[in-house]
Every structure is written in structure tokens, then in C-alpha cells.
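Since the structure comes first, as C-alpha cells, the remarks are kept for the end.
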Amino acid sequence: MSEAPSARGEPAEPRGAVRLLVVEDEGHLAAGLKLNLELEGYEVDVAANAREAGERLLAPDGYHAIVLDVMLPDLNGFQLCRRLRDAGNYVPVIMLTARSSPDDRVRGLEAGADDYMVKPFELGELLARVRSALRRREWERGASRGAHDAVMRFDDAAIDFDTHEVTVRGEPIKLTQLELDILRYFAANPTRVISRRELLEKVWKLGNYTQTRTVDNFMSRLRRHFEHDPSNPEHFISVRGAGYKFVP
């Protein structure tokens with residue numbers, strides 16, 4: 000792909016028909032997804048590779064959600080999703096893959112995907128997940144519009160969960176979708192000790208995943224972003240044998 004997709008790829012508000020982009024190089028599967036999504040009332044475009052997807056995402060109309068295959072002929076879905084997020088585009092992404100390993104699902108979520116489905120999948124479940132991703136995005140926007148202060152602030156950091164703009168000591172930084180989701184969960188549970196298992200279940204949506212080191216890696220990243228001294232944290236505190244707590 001010649002350039003990173005622009006933040007313009009996501010419409011500011013879903014006016015009129017809901018537009019979806021299916022990125023899938025298997026022609027018969029792409030055609031089937033397009034047909035069934037259109038039968039649900041969506042407007043659907045199809046891209047066969049990451050380059051074509053990037054070109055479509057530069058269009059001014061944008062998309063409300065993306066169904067993204069992992070295995071593409073140029074970039075893989077993980078790389079494309081990460082480029083989207085790095086470019087400031089936070090349109091919901093549902094990843095499709097033939098790999099069922101929990102580690103692959105974690106990789107997809109770390110790249111910024113909102114959901115992850117393993118092939119072969121039930122069409123009804125995919126349609127339900129598309130509807131859920133669209134509703135969740137609208138709920139987030141509605142909550143931000145209705146809140147007195149849509150920006151989370153602590154110490155010298157400011158996080159806007161609606162625009163995904165983050166500054167620390169006045170300097171902008173980029174966070175992945177998963178890092179923002181972790182912050183949101185901590186913000187909803189200040190000073191409460193949260194176990195690694197709870198974070199995996201509530202944020203990663205991994206009920207049976209045992210690699211709790213994944214959580215520790217993300218906590219280290221949050222500390223590097225927000226703590227004055229990551230080795231002596233004041234906000235993201237380890238509680239020995241129990242988990243972590245956020246002290247704003």
C-alpha cells in the first residue's frame with residue numbers, strides 16, 4: 000500500500016445508509032459477504048487486497064465498519080489494521096482468519112481490531128457482530144456527547160476516548176485501540192484492584208486464555224507512556240498476587 004489510510008476513512012456521523020468495506024481476496028467469499036450484508040440493508044464495497052482497501056479508505060464518504068481478512072496477498076490484515084489506527088482512523092474492524100489460536104486473536108486485538116472471527120463462521124453470527132460493532136461505536140459517541148467532560152485527565156495526561164487524541168505533558172502520543180480500552184476499563188474502576196484474568200475477560204474478551212504475561216506487557220507500555228518513572232509507578236500500580244489498580 001503506497002500510503003497509510005487517512006483518518007478521513009471514518010465518517011464523522013452515520014447519516015443515511017450505513018457503508019461497509021469488505022477486504023477479502025477470496026472472490027466467492029467476498030461476493031457472498033457482500034450479498035448478505037446488502038440484504039441486511041448496508042451499502043457494501045469490496046477490496047481484494049490492502050492496496051485497494053487503502054485507496055477506498057481515502058474516499059471522503061468513508062465507512063462505518065470494515066470486515067477484514069487476515070490473509071491478504073500484499074499486507075496482512077494485522078498490518079493494515081495497525082496502519083489504520085496509526086493514521087487516526089478508528090472505524091470498527093472485524094477480523095476474519097482461518098487461525099483459531101488465542102495468540103492470533105490477541106495479535107489482532109493488539110493491532111487495533113474490535114472483534115475477531117475464525118473461519119468457517121456462521122453467517123448469522125457475523126451479521127450480529129457487525130450490528131454490535133456499529134451499536135458500540137454509536138454508544139461511545141453518544142456517551143461522549145452527553146458527558147460533562149469527555150476527556151479523562153490524570154497527572155499531566157489527557158485522553159479523549161471519542162476522538163482518540165492523547166497528550167502527555169502537552170505532547171501527542173498514539174495509543175492502540177486495545178490500550179485505549181484498557182484505560183477506559185481502569186477509568187471506570189479507579190483504585191479497585193483488577194486481576195489479570197478480569198482484564199483478559201473484560202477487555203480482551205478471552206475467557207479461557209491463560210497467558211497473563213500479555214497483560215503485564217501492556218501495563219509496561221502504559222507505564223512508559225504515562226508514568227514519570229516507569230520503574231516506580233504512581234498511577235498503574237502492581238498489587239502482588241492480585242493484579243493491578245489505577246490511581247488517578
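Read left to right, the sequence shown gives residues 0 to 247 (numbering that gives the first Met the number 0). Every residue, glycine too, gets a C-beta built ideally from N, C-alpha and C.
- With fewer than 16 neighbouring CB atoms inside 10 Å of its own CB, residue 120 falls in the exposed class.
- Under the three-pair Cβ rule at 8 Å, the stretch 75-82 counts as touching the stretch 110-119.
- Between residue 175 and residue 245, the C-beta gap is not smaller than 9 Å, which leaves the two residues out of contact.
- In this structure the stretch 175-184 lies against the stretch 151-160, because at least three pairs of beta carbons, one per stretch, are closer than 8 Å.
- Here the alpha carbon of residue 62 sits roughly 11 Å from the alpha carbon of residue 41.
- Note on residue 39: under 16 other CB atoms within 10 angstroms of its CB, so exposed under the neighbour-count rule.
- At a Cβ-Cβ threshold of 9 Å, residue 64 and residue 45 do not count as neighbours.
- By the Cβ criterion, the stretch 20-37 is in contact with the stretch 46-53, since at least three pairs of Cβ atoms, one from each stretch, lie closer than 8 Å.
- Rounded to the nearest angstrom, the Cβ distance from residue 102 to residue 96 is 12 Å, too far for a contact under 8 Å.
- Looking at the backbone, the Cα of residue 225 and that of residue 116 are separated by about 33 Å.
- Classified as buried, residue 55 has 16 or more neighbouring CB atoms from the shown chains inside 10 Å of its CB.
- Spanning the alpha carbons of residue 198 and residue 100 requires a straight line of approximately 19 Å.
- With a threshold of 16 other beta carbon atoms within 10 Å, residue 211 falls short and is exposed.
- For residue 237, the enclosing beta strand (DSSP E) starts and ends at 235-238.
- Nearest neighbour of residue 135 by Cα position, chosen from 92, 193 and 81, turns out to be 92.
- Put simply, of 34, 51, 35 and 192 the residue whose alpha carbon is nearest the alpha carbon of residue 241 is 192.
- The beta carbons of residue 19 and residue 66 sit closer together than 9 Å.
- Residue 242: member of the beta strand (DSSP E) spanning 242-245, first to last residue.
- In the structure shown, residue 229 adopts coil according to DSSP, grouped into three states.
- The continuous beta strand (DSSP E) containing residue 171 extends over residues 170-172.
- Taken through DSSP and simplified to helix, strand or coil, residue 184 comes out as helix.
- Taking the CA atoms as reference points, residue 188 sits about 37 Å from residue 60.
- Take residue 166, set aside five residues on each side of it, and the residues of its chain with a beta-carbon closer than 8 Å to its own are 156, 157 and 172, in chain order.
- Residue state for residue 104 is assigned as helix, using DSSP reduced to three classes.
- A distance below 7 Å between beta-carbons, with the five flanking residues on each side excluded, links residue 201 to the following residues of its chain, in chain order: 184.
- Residue 213 carries a helical assignment under DSSP once its states are collapsed to helix, strand and coil.
- With 16 or more other Cβ atoms from the protein chains shown falling within 10 Å of its own Cβ, residue 128 counts as buried.
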